[in-house]
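As structure tokens, the structure follows; a few thoughts come after it.
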Amino acid sequence: MRVFGSWRDWPSAAAALDGALPAETVERLARAYEFAVAHHGDQTRPAGEPYAWHLLEALEIAIDAGAREPDVLAAALLHDVVEDTPCSLGEVRDEFGPQVAELVDWVTKAGSRESYLSRFVTAPEEVLTIKLADRYSNVQRLHTHPRPAKQASYYAETVRVFLPLADRLPYFRDRFAEWQENYAYLAS
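Under full-length UniProt numbering, the residues of the sequence shown are numbered 1 to 188, in order.
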């Protein structure tokens, strides 16, 4: 199973992206990363890693999946900024434009968890790419989550909701199939 996380700061991401993406796209992504990190501040993931690592993983996964559209890549970096910080969708729109704001809005939790998750059934491919990159980043090291009950519930939700969504995009279908095999012990 492939585990992403070779980019732990913006310079390492920028070095990997140099030549792979147009310079103006890399510059835009640098702005999105700086914006996201400024808003997320000192947030950490459940296992204690800097939250910025998750944002870079989501970007790395989206790119590995074939995403190249600058707005999609920027939204991959910004996907949690409205949900997890005081940042508003209007701020995202003002800084990055309406398309990025729309993509971030799609992946921002609102209402009940079930209604939020059901939205992805009709989501466009760009939105699915962002959401599945986000989810894969979150579950690729599920065993490091400090609460075993959360590991099991996250596994079950991923299998129930995200594996069927991943079937729409072959890259993610394959990644999540490998992941499911690797973490099948959580099903028991």
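Note that beta-carbon positions come from the ideal geometry of N, C-alpha and C, so glycine has one too.
Around the beta carbon of S118, fewer than 16 other beta carbons lie within 10 angstroms, which makes this residue exposed. D134 sits in a helix when the DSSP states are folded into three classes. Sequence-distant Cβ neighbours of W10 in its own chain, meaning closer than 7 angstroms and more than five residues away, are A30, Y33. Take F96, set aside five residues on each side of it, and the residues of its chain with a beta-carbon closer than 6 angstroms to its own are A74, in chain order. A straight line joining the alpha-carbon of V161 with that of G90 spans about 29 angstroms.
With respect to the 8 angstroms criterion, L103 and R168 are not classified as neighbours on the basis of their beta carbons.
A58 is positioned such that its CB atom lies closer than 8 angstroms to that of A133. H40 and R147 have their C-alpha atoms some 23 angstroms from each other.
Around the Cβ of H54, a 10 Å sphere holds 16 or more other Cβ atoms; the residue is buried. S137 sits close to I61, with the two beta carbons spaced by under 8 angstroms.
Unbroken beta strand (DSSP E) runs of no fewer than 3 residues, entirely contained in the segment 95-123, are not found. About 6 angstroms separates the beta carbons of A110 and Y116, which is inside the 8 angstroms limit, making them a contact pair.
Secondary structure at P170: helix, using DSSP grouped into helix, strand and coil. A check of alpha carbon separations from L77 across Q99, F35, D42, A14 identifies F35 as the nearest.
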